[in-house]
Amino acid sequence: MGRLTPLQIRNLKEPGRYSDGDGLYLELTGPNKGNWQLRATVNGRRRDIGLGSLALVSLKEARDAAFELRRDIQRGIDPVAERKRRRLEILTFKAAALRVHAEQKASWKNGKHQDQWITTLENYAFPLLGNRLVNDIEGPLIREVLLPIWLTKPETARRVKQRISVILDWAYASGMRPTEAPMRSVNRVLPRQPKKDGHFAAMPYGAVPSFMAHLHARLSVPRLALEFLILTATRSGEVRGAKWNEIDLEAKLWTIPASRMKVGKEHVVPLSNAAIDVLERARQYHAPCSNLLFPGRDVRRPLSDMTLLKILRYADLPYTVHGFRSAFRDWAAEQTSYPGEVAEAALAHTVANKVEAAYRRTNYLEKRREMMADWARFCATVQT
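Residues in the sequence shown are numbered consecutively from 84, following our numbering.
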């Protein structure tokens, strides 16, 4: 039995803490005014847990509530954390996805990735998960989302799975669900995807001169952009986002700012005479309201990645735009005596060896200038 009685409580006048036993206290602030509290040890920490005011909670109700809390603690439940969780607004999967996207997109340099991140979820995850609360989403539902595209669209499916995982982990870290994303169990029940070569389909370097002649057959902004990409061995996004103020025609240099580079580091590209010639032909498409070297239909916006790929598809060629970097690298390795580190510097690849990277102080600019001039001469080779 407890130490307090209803009569004693009515007669209490002095403010203070009055024990009923088993950790239950009445914190009296004045006659018939105060609050009930349970003092207990939760996960090795002493906690004072409020049970309500004396005006609203009777002695019996306080004892019953204290009994239930002590039983929860014995079961391993933290009553304070559980109360916070219940008060917390639990978001739907769609609302959580939009929140995560808004918080993280500023750290993604690639604008295309920013758009695709949420678009893939809209297309494949939101129809089934969008209106469900994040704490209600478990393995079977995730599997149901992924299974229809797991074998037919394997790369897309992997991206959807990774993004679902990020959102559910974010919800767990935010206190909205009791566990992280159950991806380990999901991986076990999905069929094995067929293996494929992870490299971009690259045109053999020996076929590049003929393709360059094909590009010269007609004049258009996309063809000029693709020719410039081949001659500079740069990435599609770097070329499509290139601006006139990045070009130093006198020094024959193109300085790509760190914000547009994959590795987040400024890259200086020596321009061959052939690359300069591309820029001269591109001048006629320059619009005063746009600073882009190769503007899209809306001159204030760059070309899309698909615009360059369509040139290859219309020519019935099975290669990728990114593959021209591989063609350049193969040419440098097989047809020249330039050191590998010079070719890697031309591709703006990071040095894998951290010790070597720490001591490297050069970007091989002059050697790269010679190499890019040789590459341009090779690309202009007359085919017989």
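In this text, a Cβ means the ideal position worked out from N, Cα and C, and glycines have one as well. Remember, it's a predicted structure, so these values are computed and weren't measured experimentally.
Minimum C-alpha distance to residue i - residue among the options
i      : options                        : result
Leu430 : Asp413, Trp327, Trp119         : Asp413
Arg226 : Gly406, Ser257, Met266         : Met266
Gln480 : Leu234, Arg306, Asp198, Leu332 : Since the displayed the chain opens at 84 and closes at 467, residue 480 lies outside it and no answer follows.
Ala334 : Asp457, Thr317, Ile359, Glu310 : Ile359
Val228 : Ile247, Trp200, Arg146         : Ile247
Ala463 : Val352, Pro378, Asn356         : Asn356
Arg323 : Pro385, Pro98, Gly423, Leu302  : Pro385
Val382 : Ala365, Lys96, Leu395          : Ala365
Ala316 : Leu87, His432, Lys116          : His432
Leu137 : Asp131, Asn115, Ala148         : Asn115
Ala370 : Asp331, Trp327, Tyr402, Val346 : Trp327
Residue i versus residue j: straight-line alpha-carbon distance, rounded
i      : j      : result
Ala325 : Val269 : 42 Å
Pro210 : Val243 : 13 Å
Ala440 : Tyr421 : Here the model assigns Ala440 a pLDDT of 44, short of 50, so the residue's position is not dependable, and the following value carries that caveat. About 19 Å.
Tyr207 : Tyr288 : 38 Å
Asn446 : Ser387 : 30 Å
Phe461 : Met259 : 60 Å
Ala189 : Gln199 : 14 Å
Asp457 : Gly423 : 15 Å
Thr124 : Glu186 : 37 Å
Lys348 : Ser303 : 31 Å
Ala296 : Leu204 : 42 Å
Thr175 : Val249 : 14 Å
Thr338 : Glu329 : 5 Å
Gln157 : Lys143 : 21 Å
Gly135 : Ser257 : 27 Å
Tyr108 : Gly127 : 20 Å
Pro292 : Ser342 : 32 Å
Lys450 : Ala308 : 24 Å
Gln418 : Met286 : 16 Å
Gly99  : Glu110 : 6 Å
Thr53  : Pro305 : Nothing can be reported for residue 53: it is not among the residues displayed for the chain, which extend from 84 to 467.
Ala179 : Ala240 : 20 Å
Buried or exposed by the 16-neighbour rule on C-beta atoms within 10 Å, applied to residue i
i      : result
Thr390 : buried
Arg112 : Inspection of the sequence shows that residue 112 is occupied by Thr rather than by Arg. Thr112 should be labelled exposed.
Leu139 : exposed
Asp103 : buried
Tyr397 : exposed
Ala300 : exposed
Phe377 : buried
Lys177 : buried
Gly320 : buried
Gln120 : buried
Ala426 : buried
Val183 : buried
Gly117 : buried
Pro353 : buried
Glu97  : exposed
Val361 : buried
Residue range of the beta strand (DSSP E) that includes residue i
i      : result
Gln120 : 116 to 125
His350 : 350 to 353
Ser136 : 128 to 136
DSSP-derived helix/strand/coil call for residue i
i      : result
Leu430 : coil
Glu110 : strand
Thr239 : helix
Ser387 : coil
Ile339 : strand
Asp161 : coil
Leu309 : helix
Pro210 : helix
Ala441 : Confidence in Ala441 is poor, its pLDDT being 44 and thus under 50, which makes the residue's placement unreliable; the coordinate value appears in the next sentence. Residue state, collapsed to three classes: helix.
Leu375 : strand
Lys326 : strand
Asp331 : strand
Thr175 : strand
Leu216 : strand
Arg451 : helix
Leu473 : As shown, the chain starts at 84 and ends at 467. That puts residue 473 outside it, with no answer to give.
Thr262 : coil
Tyr255 : helix
Val382 : coil
Where the alpha helix (DSSP H) containing residue i begins and where it ends
i      : result
Gly406 : 406 to 418
Arg275 : That residue, Arg275, is in no alpha helix (DSSP H); it is neither H nor E in DSSP.
Asp103 : Per DSSP, Asp103 belongs to no alpha helix (DSSP H); it is in the beta strand (DSSP E), 99 to 104.
Ala463 : No alpha helix (DSSP H) holds Ala463; DSSP gives it neither H nor E.
Leu229 : 222 to 233
Val291 : 291 to 299
Arg93  : 89 to 94
Ala370 : No alpha helix (DSSP H) holds Ala370; DSSP gives it neither H nor E.
Val140 : From DSSP, Val140 is part of no alpha helix (DSSP H); its letter is neither H nor E.
Residue-chain proximity (residue i, chain C), Cβ-Cβ < 7 Å
i      : result
Glu151 : Protein chains in the displayed structure number just one, and chain C is not present.
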